[in-house]
Amino acid sequence: MITDDFTAEFDPFSPQFGEKFAPAYLPVSVKDWAGNEVSRTYSDQFGAYTGLNYSTWEVNPPNPTGYGPTMMVTCMNDAGSGTTPDPLYQPGYSQFCYELPFMPGQTGYFDTPVVPTSAFSEGYNHPDCNYPDATPAIASVTSSDIAGPWVSNSGTGHTLTITALGNKDVDSYGYSGPSTTVAPFNQQKVTRHYGFGSQPTDCHSGVGNACPEVALFGSDGIARPLTNVQWSDTTITGTVPTGVPTCAVQQQTQYGGSTARCGELFITTANGKQSIDTVTVTIGGQTPTLLATGQTIQSAIDSAKPGDEIIVPPGVYNEILLMWKPVRLQGVGAASSIINANAHPAGTAKMDTWRRQVLCVFGLALNGTPISGSNSYDPSNTFTCTSAMQFSVDRLPLEATVGWDATLNGNLAEQLLEPTLMGAYEGAGITVLSKGVKFPSRSQPFASDVFPTGTQLLTTRDCNNGGTNPYPSNFWCNPSSIDGLGITNSSQGGGGILVHGWGHNIQIANNRVYNNQGTLSRGITVGQGEHPDVYLAGGVATTIPGSCENSNIANLSLPYCFDMNVNIHNNAVVQNSSLGDELFSSTPAGAGGVTLCNGSDYYKFNNNWVCGNMSTGDG
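Going by numbering that gives the first Met the number 0, 78 is the number at position 79 of the sequence shown; the sequence numbering is gapless.
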């Protein structure tokens with residue numbers, strides 16, 4: 000039985016009357032320990048589902064029950080493994096997985112609830128957060144140079160191929176349940192068309208002719224149209240224009256960088272509708288790394304140089320990512336390059352791997368204490384943590400890091416929810432960690448929750464452009480971005496994207512962040528809800544390392560400078576939820592869609608589609 004734990008059933012004709020509401024027609028997937036689907040069934044109009052699954056041959060093992068069950072992972076509202084979800088998948092509800100026993104020769108009754116991932120999702124008609132019909136939307140953008148949105152130069156011979164998303168079945172807001180017989184109220188799904196339509200009249204084809212309806216917008220805000228455009232409802236091709244401005248941050252030459260130019264792709268159809276999320280097109284610079292078939296995104300991040308661009312081809316990537324250095328994660332389009340951040344099944348050990356790497360980059364051994372000559376990362380040598388990764392990122396001021404040390408109390412809620420370093424923020428689809436401070440020589444950064452006296456904020460002056468960068472994970476020094484990706488199904492606590500701290504200049508653009516559930520975070524989160532006392536100009540009690548700004552005006556509030564110049568634009572952030580925890584001292588839950596915490600200074604937030612996100616707390 001599938002029920003919605005947030006909603007009651009008031010229909011006297013439903014078997015669930017007076018109990019929890021039962022969502023109709025949800026897909027149910029039964030998987031083995033490694034995540035391989037064994038069978039798939041569907042709930043009926045009252046949330047009940049039945050099926051036949053194999054068990055073990057053991058009927059008389061040496062245990063009190065006399066039976067040896069097969070344990071299977073049973074996932075409610077399972078979207079499937081491909082880029083196109085199961086037609087009956089409902090994005091208004093979570094994808095919840097349970098490890099359930101299947102006894103030989105027995106019928107099991109399973110109570111397997113789901114919870115909403117969107118606001119106002121009680122009943123059948125969930126919020127309509129899909130783009131309006133006839134909105135131009137891309138499936139992918141590739142070029143003549145590489146299978147992604149990058150060209151080595153502009154002008155003749157350097158073209159883009161833009162493929163439309165086309166028809167897509169979406170939830171019908173007017174659906175009123177299985178007992179309804181009149182259209183459109185009996186239609187659970189409707190079809191919307193996300194093509195490019197007919198060629199606009201002022202979009203002139205031919206050599207040298209420009210098409211203002213498909214253009215690259217640079218940092219100067221000027222549209223530079225593609226030329227030699229060929230336009231159909233399914234595909235647009237065109238030559239990359241000249242004159243696009245340089246990217247805001249350039250990759251250091253010591254890592255192979257050269258001058259690169261960046262432009263946001265915009266498409267306007269003949270009906271006047273404009274694209275919302277596309278991709279950032281990069282012109283020049285170092286040739287990107289194109290993910291190989293079967294290669295994981297995390298392996299590409301780990302082996303990349305700071306500032307490298309990593310192109311993620313179409314596909315579903317079952318990963319929980321740590322971006323612990325400034326790199327550019329570039330999908331070909333958010334509808335095609337998808338990160339499924341589901342921590343299940345347990346047999347894949349995604350969270351175990353994630354936690355080990357978090358300890359490594361913060362400089363902690365597997366026993367939770369700092370790495371040293373007498374305290375190796377893993378004395379058994381089963382797991383490795385290279386010297387380049389150790390101590391490569393920093394915590395925030397007063398943040399707890401080392402176990403249950405009473406002097407490092409930090410965020411009590413984090414420590415109680417999960418006894419790991421990231422606590423309630425762990426396991427986001429993409430977690431961004433970075434280096435933000437430099438410690439005095441021979442100091443002990445982990446001796447207290449307060450940084451050692453003399454700790455200073457890193458700036459661009461610490462990049463050492465003429466030599467070797469001493470802080471490769473310093474985001475001031477090289478470009479970083481998350482662009483053109485779909486990020487979904489995170490439920491461990493961190494939400495879709497979490498920029499932990501010191502993620503200066505990162506660009507988060509053209510992503511579709513949807514159906515993620517967080518504890519204290521949800522869709523996109525920059526920073527953390529807990530922070531030191533206010534920094535005051537001339538104050539003597541300011542928490543080390545203090546602000547990056549100063550003022551002659553006494554007691555003027557100064558910025559924390561934890562995450563500066565973050566640029567969030569052209570994303571779809573829809574139907575994410577934050578459930579919260581009563582121990583969190585600031586609020587029981589953050590905003591359901593996007594949270595920019597104290598310390599997110601000088602950020603930009605423009606042209607984003609934010610819809611249907613839910614929070615049990617304040618927003």
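Built from N, CA and C at the ideal position, the CB exists for glycine as well.
Asked	Found
Test item: CB-CB of Gly79 and Pro287 under 9 Å	no
Closest Cα partner of Thr430 within the set Ser371, Ser197, Asn152, Gly500	Gly500
Beta-bridge partners of Pro26, as assigned by DSSP	Tyr41
Secondary structure of Val331, DSSP reduced to three states	coil
Integer Cβ distance of Leu225 from Leu320, believed to fall under 8 Å	Their Cβ separation, rounded to whole angstroms, is 32 Å, which puts Leu225 and Leu320 out of contact at 8 Å.
At least three beta-carbon pairs within less than 8 Å, the segment 470-485 to the segment 503-520	yes
Alpha carbon of Thr2 to alpha carbon of Thr55, nearest angstrom	29 Å
Neighbourhood of Val169 by C-beta, 7 Å cutoff - its chain only, sequence neighbours within 5 removed	Asn129, Lys188, Val189, Arg191
Beta-carbon proximity check, Ser93 vs Gln491, cutoff 9 Å	no
Proximal residues to Ala623 (C-beta, below 6 Å), its chain only, five neighbours per side dropped	Residue 623 cannot be examined here, being either before or after the span of the chain that is shown, 0 to 618.
Local Cβ density within 10 Å of Gln443, reported as buried at 16 or more and exposed below that	exposed
Per-residue DSSP class, three states only, for Ile296	helix
Cβ distance (whole Å) where Pro544 is taken to contact Leu456 below 8 Å	5 Å
Buried versus exposed call for Glu8 [16 or more other C-beta atoms within 10 Å across all chains shown]	buried
Nearest-angstrom beta carbon gap, Phe195 and Pro135 [assumed within contact, 8 Å]	5 Å
Beta-carbon spacing of Asn612, Gly598 below 9 Å	no
Residue of Glu318, Asn124, Ile221 minimising C-alpha distance to Gln186	Asn124
Nearest neighbour of Asp276, chosen from Ala340, Val140, Thr83, Ile145 [CA to CA]	Val140
Where the beta strand (DSSP E) through Thr459 begins and ends	Element bounds for Thr459: n/a, residue is neither H nor E.
Per DSSP, cross-strand counterpart(s) of Glu263	Phe216, Thr279
Coarse secondary structure for Gln285, derived from DSSP in three states	coil
Under 9 Å between C-beta atoms of Phe184 and Ser197	no
DSSP three-state assignment for Gly176, whether helix, strand or coil	coil
Same chain only: Cβ atoms within 6 Å of Asp526, ignoring 5 sequence neighbours per side	The sequence as given places Gly at residue 526; Asp does not occur at that position. Taken in chain order, the residues that qualify are Phe561, Asp562, Cys596, Gly598, Ser599.
Those residues which DSSP pairs with Phe101 across a bridge	Thr69
Pair within 9 Å by beta-carbon distance, His568 and Ile486	no
Three-state secondary structure assigned by DSSP to Gly237	strand
Candidates Lys272, Ser151, Gln253, of which the one nearest Thr238 by Cα	Ser151
Member of Thr524, Thr6, Tyr41, Pro344 whose CA lies at the smallest distance from the CA of Gly17	Thr6
DSSP-derived helix/strand/coil call for Ser585	Confidence in Ser585 is poor, its pLDDT being 49 and thus under 50, which makes the residue's placement unreliable; the coordinate value appears in the next sentence. Coil at Ser585, not helix or strand.
Where Ser302 sits in the DSSP three-state scheme	helix
Where Thr252 sits in the DSSP three-state scheme	helix
Cβ shell of Gln229 (< 8 Å), same chain only, five flanking positions each side left out	Ser204, Ile235, Thr236, Gly237
Exposed unless 16 or more other CB atoms sit within 10 angstroms - verdict on Pro469	exposed
CB-CB length for Pro126 against Ser120, believed under 8 Å	7 Å
Through-space distance from Gly493 to Val609, alpha-carbon basis	18 Å
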